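Start counting the sequence shown at 125; every next residue gets the next number (this note's numbering).
Where is the CB? At the ideal position from N, CA and C, for every residue including glycine.
All values derive from a computational prediction rather than experimental measurement.
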Amino acid sequence: MEKFIQLKSTAVPLPIENIDTDQIIPARFLKVTDKIGFGNHLFKDWRFDETNQPIPTFALNDATYAGSILVAGDNFGCGSSREHAAWALTDYGFKVIVSSYFADIFKGNALNNGLLPIVVSSDFLAIILKKIQAEPKTNLIVDLENQTISIENTNYIESFEIDSYKKICMINGYDDIDFLVNNKNAIEAFEKASLQIITTI
Numbered sequence: 125m126e127k128f129i130q131l132k133s134t135a136v137p138l139p140i141e142n143i144d145t146d147q148i149i150p151a152r153f154l155k156v157t158d159k160i161g162f163g164n165h166l167f168k169d170w171r172f173d174e175t176n177q178p179i180p181t182f183a184l185n186d187a188t189y190a191g192s193i194l195v196a197g198d199n200f201g202c203g204s205s206r207e208h209a210a211w212a213l214t215d216y217g218f219k220v221i222v223s224s225y226f227a228d229i230f231k232g233n234a235l236n237n238g239l240l241p242i243v244v245s246s247d248f249l250a251i252i253l254k255k256i257q258a259e260p261k262t263n264l265i266v267d268l269e270n271q272t273i274s275i276e277n278t279n280y281i282e283s284f285e286i287d288s289y290k291k292i293c294m295i296n297g298y299d300d301i302d303f304l305v306n307n308k309n310a311i312e313a314f315e316k317a318s319l320q321i322i323t324t325i
């Protein structure tokens, strides 16, 4: 995975509540497992009509908005446990999703795939959405080391929580295997010390 330390980006507003994983990536596109190409089908039934033409009113088709941050409504990623939802979002180019609540399984899948889900208060979410809808060039600044998200050139800033292990992985660009490999010396030292204790007893 790519290292994630800080990100400054404009954002795409999608102020819809209860967006489930079937809306993020419809089940009919879950036929491959190599994570490539799912971005083409992200929000497929909302982005395109029956003739596969882009629906201009949908936020991802609106040239007014761009960026690697998606700002959604409450309860993002509910529904099925499909990891493909996180694959579709990352393949499309999103690096951060902001909401006031994420389904637990989606949140885990996102973090495992280098996609940072940030939970903010409902009030702060409303402020962000209002700001980027009024001024689409507005940058959001995500600081993973300090666990804050802010609106550039304003005093609006909020802290967010993240599992400490997942934070280390994202900052260093580790997946679970990378983390173990990069801690090989410490693991071996621990095992050696444990063995000495056992043989002494």
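Top-ranked residue by Cα proximity to residue 133, from 306, 262 and 171: Comparing Cα-Cα distances from residue 133 to each of 306, 262 and 171, the minimum goes to 262.
Buried or exposed by the 16-neighbour rule on C-beta atoms within 10 Å, applied to residue 254: Classification for residue 254: exposed.
Determine the extent of the beta strand (DSSP E) in which residue 221 is found, giving its start and end residues. Start and end: 220-223.
Could you tell me whether the Cβ atoms of residue 264 and residue 193 are closer together than 8 Å? Yes, they are a contact pair.
By DSSP, does residue 272 sit in helix, in strand, or in coil? The DSSP-derived three-state label of residue 272 is strand.
Rounded to a whole number of angstroms, what is the C-alpha to C-alpha distance between residue 128 and residue 240? In this structure, the CA atom of residue 128 is about 9 Å from the CA atom of residue 240.
Residue 252 classed as buried or exposed, judged by whether at least 16 other C-beta atoms fall within 10 angstroms: Buried, since its Cβ has 16 or more Cβ neighbours within 10 Å.
Please go through the same chain and pick out, in chain order, the residues whose beta-carbon is closer than 8 Å to the beta-carbon of residue 185, but skip the five residues on each side of it. Cβ neighbours of residue 185 beyond the five flanking positions: 171, 178 and 179.
To the nearest angstrom, how far is it from the Cα of residue 163 to the Cα of residue 131? One C-alpha to the other measures close to 21 Å.
Any idea what DSSP makes of residue 312, helix, strand or coil? Here DSSP, grouped into helix, strand and coil, assigns residue 312 to helix.
Beta bridge counterpart(s) of residue 172 as assigned by DSSP: Residue 172 has 178 as its beta-bridge partners, per DSSP.
Rounded to the nearest angstrom, what separates residue 267 and residue 208 at their Cα positions? Rounded to whole angstroms, residue 267 and residue 208 show a C-alpha spacing of 26 Å.
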